[in-house]
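Asks:
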Amino acid sequence: MSLVELIAQADERGLAASGLACLDRCVPLLGGDDLVLRPLWTSLADGSDWGEGLEKARGSLGTGGTAAGGADEAEMLARRMLAAAPESHEAAGIRVWADACSVASLQIHRLLDPAEGAAAPADTRREGGAEGMSPLVAAELRRQVTVLELIAGHGPSGLRRALDISTEGRRVLRAVVSRRARGRA
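Going by numbering that gives the first Met the number 0, the sequence shown opens with residue 0, and the numbers climb by one from there.
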């Protein structure tokens, strides 16, 4: 199944996990530490409201600043993901947010990958396989698909593995951002 189809079929928890995972992987662009979104993951796992954790994350990550490595457009996309997050992971707009996070995260990875060049738009990539994509973008696409499949197949118990996948992706993006910063120095 394509990423677009998986998002269309996902339930609220799957959509919230998908959007949160995309945002979590992009935290290095916002200057946040690895635990800044952990309260939101906890809320998904126990079914509690994530509004308070979301406000704390927004306060911690701020609304301005410049991304390491000068990745201004990528940072802007990550900030939009955070700003657009619904106040509840059960909100009516969760599907729209998860879909927008998917597109933004793939675009961020494309922007940060010099090998990607003028490749097809992220939206086109979500409808098929990873053929012709750079390794960074293809890996992000696979992570998004895997998160949705884990939640669909395992429900709340799939959240731990989804968080692990997100953590792995965040480490990769942190290394890319760091490498870009060193290259510009």
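Virtual Cβ for every residue (Gly too), placed ideally from N, Cα, C.
Every value quoted in this text rests on a predicted model; they were computed, and no experiment measured them.
1. For Ala-117, which residues of its own chain have a beta-carbon under 8 Å away from its beta-carbon, when the five flanking residues on both sides are left out?
2. State the Cα-Cα distance for the pair Ser-156 and Arg-183, rounded to the nearest angstrom.
3. State the Cα-Cα distance for the pair Arg-78 and Arg-12, rounded to the nearest angstrom.
4. Can you tell me which of Val-136, Ala-15, Gly-61 puts its alpha carbon nearest to the alpha carbon of Leu-111?
5. Could you tell me which of Glu-74, Arg-94, Ile-93 sits nearest to His-108, measuring between CA atoms?
6. Does the separation of the CB atoms of Ala-97 and Leu-5 fall below 7 Å?
7. Going straight from the alpha carbon of His-88 to that of Val-95, what length do you get?
8. For Gly-68, which residues of its own chain have a beta-carbon under 7 Å away from its beta-carbon, when the five flanking residues on both sides are left out?
9. Do the stretch 99-108 and the stretch 44-53 touch if we need at least three Cβ pairs shorter than 8 Å?
10. Should Leu-34 be labelled buried (16 or more other beta-carbon atoms within 10 Å of its own) or exposed?
Replies: On the basis of the supplied data:
1. Note that Ala-117 has pLDDT 47, beneath the 50 cutoff, so the model's placement of it is unreliable and no number is given.
2. 42 Å
3. Arg-78 and Arg-12 have their alpha carbons spaced roughly 22 Å apart.
4. Val-136
5. Glu-74
6. With contacts defined as CB atoms closer than 7 Å, Ala-97 and Leu-5 fail to qualify as a contacting pair.
7. Taking the straight line joining both Cα atoms gives about 12 Å.
8. Any reading at Gly-68 is ruled out, since the residue's pLDDT is 43, under 50, leaving its predicted position unreliable.
9. Segments in contact, no.
10. exposed
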